[in-house]
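Visitor:
Residue numbers (our numbering): 505 to 648.
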């Protein structure tokens with residue numbers, strides 16, 4: 505049963521990424537870039553280290569994503585006034601519009617994703633997922 509739960513969660517996540525990636529292609533942005541843009545949009549001036557702490561990715565992957573976002577003028581990196589080794593990351597004006605457009609796409613995808621499922625069932629599902637995540641985090645922390 506555990507194998508089935510993990511498989512289905514992973515499969516659902518992969519399918520969602522694939523669906524979103526198809527929509528994002530026409531906007532010329534990847535799913536990973538979108539996730540980073542969202543974090544930067546929510547926390548202007550965030551550092552790469554802080555992004556790493558929030559996202560489940562490695563330093564090399566994030567570095568590549570940030571470089572592509574900067575090259576495509578979605579973000580700007582600015583040296584920190586107090587510590588010149590640190591760069592604060594800000595979203596550029598056009599990127600805000602992109603994030604808004606993606607939100608509309610996501611709402612449509614989510615609507616398709618949960619078709620035929622009641623609000624109560626969704627709330628229960630989310631509650632169960634939260635418990636599964638808590639159990640995993642607790643177990644990981646115990647083993648450290």
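Beta carbons are placed, not taken as given, at the ideal position from N, Cα and C, and that holds for glycine.
#1: Closest to residue 549 by CA distance: which of 568, 614, 616 and 579 is it?
#2: Please classify residue 565: does DSSP put it in a helix, a strand, or coil?
#3: Residue 609: which of 576, 632 and 523 sits nearest, CA to CA?
#4: Taking Cβ to Cβ, would you say residue 535 is nearer than 8 Å to residue 521?
#5: Please go through the same chain and pick out, in chain order, the residues whose beta-carbon is closer than 8 Å to the beta-carbon of residue 551, but skip the five residues on each side of it.
#6: Please state whether DSSP places residue 532 in a helix, a strand or coil.
#7: Find out if the Cβ-Cβ distance for the pair residue 556, residue 541 is shorter than 8 Å.
#8: Applying the criterion that 16 or more other CB atoms from any shown protein chain within 10 Å of the CB defines a buried residue, is residue 546 buried or exposed?
#9: Over the uninterrupted beta strand (DSSP E) stretch that includes residue 581, give me the two end residues.
#10: Please state if the CB of residue 539 and the CB of residue 518 are separated by a distance shorter than 8 Å.
#11: DSSP three-state call for residue 596: helix, strand or coil?
#12: Would you grab the beta carbon distance between residue 626 and residue 618 for me? Rounded to a whole angstrom, and I think it's under 8 Å.
Guide: Straight from the coordinates:
#1: 579
#2: Three-state DSSP puts residue 565 in a helix.
#3: Taking only the C-alpha atoms, the option nearest residue 609 is 523.
#4: yes
#5: 584, 590, 591, 592 and 593
#6: Coil.
#7: no
#8: Looking at its Cβ environment, which holds fewer than 16 other Cβ atoms inside 10 Å, residue 546 is exposed.
#9: 579-583
#10: Result no, Cβ atoms of residue 518 and residue 539 do not sit closer than 8 Å.
#11: If DSSP states are grouped into helix, strand and coil, residue 596 belongs with coil.
#12: 6 Å
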